[in-house]
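Number of protein chains: 2
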Amino acid sequence: MVEGSDSKYVYNFSEGNSGMKALLGGKGANLAQMTVNGIPVPPGFTITTSACLQYLRSGPEFLEGIWHDVLSAVRSMENETGKIFGGEDNPLLVSVRSGAPVSMPGMMDTILNLGLNKITVEIMARISGDRRFAFDSYRRFIQMYSNVVMGIDSEVFESALKKVRQKENVNYDHEISATALEVLVSEFLEIYRSRTYTDFPEDPWIQLKSATEAVFDSWNNQRAKTYRKIHSIPDDLGTAVNVVAMVFGNSSNTSGTGVCFTRNPATGSKDLYGEFLVNAQGEDVVAGIRTPMDISRLKEIFPKIYKELFKICYSLESFYRDMQDIEFTIENGRLYILQTRTGKRSAAAAVRIGVEMVSEGLIDHRIAVSRVTPRQVELLLHDQFDPDADVSILASGLPASPGAAVGQVVFDPDVAVHMKEEGISVILARPETTPDDVHGLYAAEGVVTSRGGMTSHAAVVARGLGKPCVSGCEELDVDLENEVIRVGNTTITKGEILSIDGSTGKIVLGEVPLVKASISPEFETFLQWCDEIAVLEVWANSDTPDDAVRAKDFGAKGIGLCRTEHMFMAVDRLPVMQEMIISDNPDDRRAKLDKLQAMQKEDFKSIFKAMDGLPVIIRLLDPPLHEFLPKEEELMRYLDDLEESGFRNSLEDEKVHKAIEMVRSLREANPMMGFRGCRLGIIHPEIYQMQIRAIFQALVEVKKKGIDAAPEIMVPLVSVIEELLSIKEMIKQIASDFQKLSGLELYYKTGTMIELPRAACVADELAEETEFFSFGTNDLTQTTLGISRDDAEAKFLLKYVKKGIMKENPFNSIDRKGVGFLMSLAVRKGRKVKPDMSIGICGEHGGDPDSIAFCHSLGLNYVSCSPYRVPVARISAAHAQLGLIK
Amino acid sequence: MVEGSDSKYVYNFSEGNSGMKALLGGKGANLAQMTVNGIPVPPGFTITTSACLQYLRSGPEFLEGIWHDVLSAVRSMENETGKIFGGEDNPLLVSVRSGAPVSMPGMMDTILNLGLNKITVEIMARISGDRRFAFDSYRRFIQMYSNVVMGIDSEVFESALKKVRQKENVNYDHEISATALEVLVSEFLEIYRSRTYTDFPEDPWIQLKSATEAVFDSWNNQRAKTYRKIHSIPDDLGTAVNVVAMVFGNSSNTSGTGVCFTRNPATGSKDLYGEFLVNAQGEDVVAGIRTPMDISRLKEIFPKIYKELFKICYSLESFYRDMQDIEFTIENGRLYILQTRTGKRSAAAAVRIGVEMVSEGLIDHRIAVSRVTPRQVELLLHDQFDPDADVSILASGLPASPGAAVGQVVFDPDVAVHMKEEGISVILARPETTPDDVHGLYAAEGVVTSRGGMTSHAAVVARGLGKPCVSGCEELDVDLENEVIRVGNTTITKGEILSIDGSTGKIVLGEVPLVKASISPEFETFLQWCDEIAVLEVWANSDTPDDAVRAKDFGAKGIGLCRTEHMFMAVDRLPVMQEMIISDNPDDRRAKLDKLQAMQKEDFKSIFKAMDGLPVIIRLLDPPLHEFLPKEEELMRYLDDLEESGFRNSLEDEKVHKAIEMVRSLREANPMMGFRGCRLGIIHPEIYQMQIRAIFQALVEVKKKGIDAAPEIMVPLVSVIEELLSIKEMIKQIASDFQKLSGLELYYKTGTMIELPRAACVADELAEETEFFSFGTNDLTQTTLGISRDDAEAKFLLKYVKKGIMKENPFNSIDRKGVGFLMSLAVRKGRKVKPDMSIGICGEHGGDPDSIAFCHSLGLNYVSCSPYRVPVARISAAHAQLGLIK
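Just so you know, the sequences run in chain order A and B.
Going by the numbering used here, the first residue of the first sequence is number 19, and it counts up by one from there.
Going by the numbering used here, the first residue of the second sequence is number 19, and it counts up by one from there.
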């Protein structure tokens, strides 16, 4: 099955290359490639994955059978290093590491310093002139070997070590004296004996064979098997064993160790970036005892080595065609490269490196795009806490809408509006938010809630507005009455400064410096490449002219959802809407509707102008009317307030009582499944008629100014074809009226949301009568799973995810087996009737990379998401086309 | 296409038979058959349906072409009667009637006395010696002909008639004098002339031809076309024209007219049943001027005629193998049969006639079953207002649960319970009911609500209890505070007697005598035949031991749904349940659960005993916990009451405040899609564990007494397989504990509800892990259509049905395109994995005949409905198998 699997089981590094990952594992293949490329890698060899599989089938005899090959590979190492494995003059020490074809935690990792025993440790001490170093290496080897090969819990060694520290009265291991370490080694050996009933193996060959077997066996340990199962990794890959000569950066003052990157991982600029220490081992860097020097200093200290390293670094980058993260060690003036791998980088660096490597001819667009993740792009688009700032976290909530913000805390949305007008930045704090608070969300820099999850009202609205939000921070007691927040013993009063980070969920008392979001020219280029690759278009959900401008700036190719109800939520409009709803006098109602129509018309005109010919999908009124009205308690309180202040009068009384009556009559047990969407449009046609008139009036007026506009009118909450036909007739009638009146040819489309399971079931019928579909996956998820989003998170959904009942919150990422099944059904049925039908998605999922990949796989035409998520969606669409997300 | 259509267009009655309906129409074929059978039918002939089609294609020339055939058919009539058509001695008068192959209103019906003109009317007057009779016949003929043939509105003739009555100062037409009628005829002829600009045709042949054309033309009038479209009747059937010699029962004292049935249409007994009048026409019976005699008197008055009639009646019944409704006329001592048709009958008669005809060997079981409709069976099972009682309707609401009841009106459920205990029958009146009122529904004879539809809470619970319910009676203002009902100007106070009929929706002030429901031995036999024919079994939804006994009595083959939550609603149990929910002390909670467990165990034992080995599907707790708690307002009010009465104390305060806190924390925006069903079972496992333990404890205890029991445990509201697995594991664990403890082999099954669209989508996965499915079509309808049942009816659903947006309320009959599509998907997916999987339905639809037919077509194993609907379901299942409902 694997190349050469029938005869050759041991490969010197000089015999392999990076194409042989299946046989040599990732680590082995890379070490071999570097060796072949003439890069100074410590000598070593790899025992292949097929040896592993044979061993697992046949048992230890198999290893016995190929041991002569291992022997001769070790002999090559001895020749190259001039050291002898188990030799009493200049002993060769090796590291043994596993290396599977795919990176796989859960398996045995590393044993260093293999080859040490009671004799070689003394020789090491003598040669290095550092007894402490020799015994420290030895005790580490014993500990690693005991743990990895014999399965003895590390804890027992650590506790012996701790006792020594106490006895010596020191804090750190490196402060323990050589003498104490010698005693500790004896203790370690005794622990080994007492646990295994055998002596610690003195023979390096036995050490090597046992370590090899342990690596092979670890392929089938429970953790590895589980990991493979979860990640769908085949069981028949096997793992290789890499045996590498040890080199020591702490051998002398012409020794050292370091790490470097071929490009700046923070900014992406093409500089050699990294740090190093003279006469030190890698561990010393980790331990943080000595401060490493910048890699540029190497140029001064070891100019020859620097030059060599520089050359090697860029030859590796050229070879791998990506930024490399390289570990090196200098042993007595000689440079060794211990490892090279693709370097991790910041979001900004990822984009810049990609774009520059394309212009350097190293890679093409597709590869550049494939190397930046949607998550990275997301970070680029939002302010962040300065990572260097010293902050103390007050509390943590859910990272509900990304970005960071700073402002004075306020509790009342009206106050937020007022302060904003005075130029003061505010953070709105509420137990939870409702549609009544939206104007406050508009005004605030960010919002914090103590209840509600990632898909709570606050979270959804904040994401829509591109404002940071930390939701469900249960540690906070937000007391609206007294206008304070209590956290433990701290009480925060109105006006104190809060900083919040909606990407991490952190809340800080006081001002945290922010790193501003930056959209570089490289980023623009990069996103254009994404669009070239992607098949799926990205549109935006935009409810206001401002939103539309932003959507276009972010690269949206259309508006996939304009929620006309959001237009009524503005402070100056809500009262008109409320009066219209409460009115029981037809003339009065008509007057209010006319007023609303004029407002909507102006909005539509501005949106049409902003989108300049790109499609604009306008959804007719969707929410139940009671969402526009105040709560009964509020009205009651208002009456009480009037009473107290002496302003109560019969006229006002009657008005408020009428409102209360209306609020009561509109009350519903389950408003999500209630009197809303096209149901409203059919029972109270005057509202939809007003909206449709506003659309065509706007269309006529912009057309007269020579502006192209393409309104697509979308009917929400359709479940039976008759609903659609009824509204379609209304649209046709009004369109024809405006056509006649204006003498213009007015182009428009009629479409429907697919947001109820029944709509998916009868998508073929609906396709006959519509020009487009748009999946409303928020409601479709609620109805398909029978889960009310507003209630579920706190009550059971988060616990479900925790318990593994659900793998993910279905409101974050599309539930493919349920909601996805119905979507695929609707696409199939719809396209059967109209093969070219335009189908998109306008739910929250339209901005989620996994969901976007799913939409791509269904063959949708576009996803529509909040303007701020458009760039993320653009790269996700490209990644979906490249098969990077599925 | 039709037999003989190429040559012969006119058939004398002696040339046809009842098998020629396609060609002769239903009426013509029956008249021909009677003629052939030697029954004295007045002579006549039929112009065929193919003549009609030819005429409609080719126009009047076609009729011209076949007129010689009509002529010779009239000649035959003349020969037989000795009268001459248009003759001046003894003129032949005829009736002209349309008769299509299928009964079809909307077409031209009847013209009587055709052949009359200014001359023949005088001859008629002379021969009959009754000038008044002759001119009355003439004016009727003119009116019918003008209306039917010329399309002149009857209203103008009626108004002329009215003026004559006023002038003559009489109330009824038969009181108008002959002289006045003569003047009226002139007036009618003048009306005809003024509307048509022609004279009324004097020539009987022209009258006949025009009438024939009018009948043919009426096949394509708008009403007929619409009717055909709605009822899927092909347009190419055409209608026939029947021309029959007039006979007059008012010719002499040896004449008469009557109607009789071959069996008693009220009771079904095999007696000749009917009535007649001597020297009278059919119209005299209708006008109600003279009281007809019982048919038995005919035996005394005209013994020979009676004997002849008796023989004819039973020969017709034998021939048609069904009870006949026969019209006869005696003209001068000679008997004529004018019509025979299948007689309408009461529900009780339908059953008795079916059963007796089988034992007489006239028909087989299948035909007997096919002749009784589910709706008739429903009537048999409930008390009704005595149809002879003289009632004045107070108001009408929706017929929400069938049956009639009488009692004192009460408004408070507690009072209802109290009065019931004192032996007083009560009717509960509420604006609407909630789960808190259930004990009142139990106690009352019936319930009336002013709000809510056919599927409102009151309606559903009442149907479950088999109690009459009139819901949504908006005329009533039910004022709970003052304990009165206002209807218009009437005010009904507590304690006044109300009678309600839930089959018709009628409400009467005062006591209406009731006809008691009766289940006869014939009915038992009949239902057993239904079971023999049906493929689909009928199970019952039963929550209590009483219900289970009833279910078995009504013939249920198992319990398809035992809602364990209903067991907690009883007056003595609810407090324990509430304390358990509110408890925050684990020991206390456990103690309450133990108490509930003991209660549930006893219930299960009784149910197992009642069902004696038949399957019992027990559904684990389904509703959200807040349904068991009082409302916040109630708790507040309770505190106020304590305060007022001086009993308020800190202990009680704390308890109530804890309850209020719990009520608040359990509040949900959309409880239907909230924290309920298996979601509760997973987050609070102790409740489900208690219920499962109660089931197995009951099983062990009855098994030890030698009673067979077959519990099937059903998990509600499953949407993902992991939910099911989690509860299944719980069941397995407890089952194995009880198995070990008891040493008994305990058989049980685990199944799931399919009540969320997602469950249908993943039915294959669910089938792997379950032994049965049960469709919960109430919730499946709510989620598939996104319609909250509790809210929708009043707000838009009834209006939708009225406007034709939906053909039927989907909560009454399964929405086949949406809910049905998902059901069929689930059946297909489930049976693919487990071909023999038992699948049923336990929603309200399980008792609806159309929905039962749909379940039959899906291949379900059973439907489960309220015990009271089991007989209806049994016949529906049989009718579905016979293809009578689809």
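From the three backbone atoms N, C-alpha and C, an ideal C-beta is built for every residue, glycine too.
By DSSP, does residue i sit in helix, in strand, or in coil?
{"i": "A:Ala118", "result": "coil"}
{"i": "A:Glu21", "result": "Low confidence applies to A:Glu21: its pLDDT is 43, below 50, so where it sits in the model is not reliable, and the reading given next is rough at best. Reduced to three states, the DSSP call for A:Glu21 is coil."}
{"i": "A:Gln299", "result": "coil"}
{"i": "A:Met168", "result": "coil"}
{"i": "A:Thr309", "result": "coil"}
{"i": "A:Pro853", "result": "coil"}
{"i": "A:Met771", "result": "strand"}
{"i": "B:Leu11", "result": "Outside the displayed range of chain B (19 to 904) lies residue 11 of chain B, so it cannot be described from this structure."}
{"i": "B:Tyr706", "result": "helix"}
{"i": "A:Met732", "result": "strand"}
{"i": "B:Leu579", "result": "strand"}
Give a yes or no on whether 8 Å exceeds the smallest Cβ distance from residue i to chain B.
{"i": "A:Gly22", "result": "Here A:Gly22 scores only 45 on pLDDT, less than 50, and its place in the model should not be relied on; the value that follows carries that caveat. Chain B contact via Cβ: absent."}
{"i": "A:Met19", "result": "Summary for A:Met19: the model assigns pLDDT 39, below 50, so the residue's position carries little reliability; its value from the coordinates is reported in the next sentence. Output row for A:Met19: interface = no."}
{"i": "A:Val780", "result": "yes"}
{"i": "A:Asp15", "result": "The structure shown does not extend to residue 15 of chain A, since chain A is modelled only from 19 to 904, so the question has no answer here."}
{"i": "A:Met690", "result": "yes"}
Is the Cβ of residue i closer than 8 Å to any Cβ of chain A?
{"i": "B:Gly848", "result": "no"}
{"i": "B:Phe872", "result": "no"}
{"i": "B:Leu840", "result": "yes"}
{"i": "B:Glu740", "result": "yes"}
{"i": "B:Ile693", "result": "Residue 693 of chain B is actually Phe in this sequence, not Ile. B:Phe693 counts as touching chain A."}
{"i": "B:Ile700", "result": "yes"}
{"i": "B:Leu41", "result": "no"}
{"i": "B:Leu735", "result": "yes"}
{"i": "B:Lys247", "result": "no"}
{"i": "B:Ser744", "result": "yes"}
Using DSSP's beta-bridge definition, name the partner residues of residue i.
{"i": "A:Glu205", "result": "For A:Glu205, which the question treats as bridged, DSSP gives no partner whatsoever."}
{"i": "B:Ile323", "result": "Bridge partners of B:Ile323: none, in fact."}
{"i": "A:Leu843", "result": "In DSSP, A:Leu843 forms no bridge with anything."}
### Query
Are the segment 771–787 of chain A and the segment 811–828 of chain A touching, with three or more C-beta to C-beta distances below 8 Å?
no
### Query
Which residues, in chain order, does the segment 800–830 of chain A contribute to contact with chain B at a C-beta distance below 8 Å?
Gln800, Thr801, Thr802, Leu803, Gly804, Ile805, Ser806, Asp808, Asp809, Ala810, Lys813, Phe814, Lys817, Tyr818, Lys821, Gly822, Ile823 and Met824
### Query
What residues in the segment 665–688 of chain B bring their beta carbon closer than 7 Å to a beta carbon of chain A?
Glu686, Ala687 and Asn688
### Query
Between the segment 622–648 of chain A and chain B, which residues of the former have a C-beta closer than 8 Å to a C-beta of the latter?
none
### Task
Specify whether the segment 696–711 of chain A and the segment 649–664 of chain A touch according to this definition: at least 3 beta carbon pairs, one from each stretch, less than 8 Å apart.
No, because fewer than three Cβ pairs between the segment 696–711 of chain A and the segment 649–664 of chain A fall closer than 8 Å, the two stretches do not touch.
### Query
Using 8 Å as the threshold, is the segment 687–694 of chain A in touch with the segment 591–605 of chain A, meaning 3 or more CB pairs across them?
no
### Task
Would you check if the segment 186–204 of chain A and the segment 220–229 of chain A touch, i.e. whether three or more CB-CB distances between them fall below 8 Å?
no
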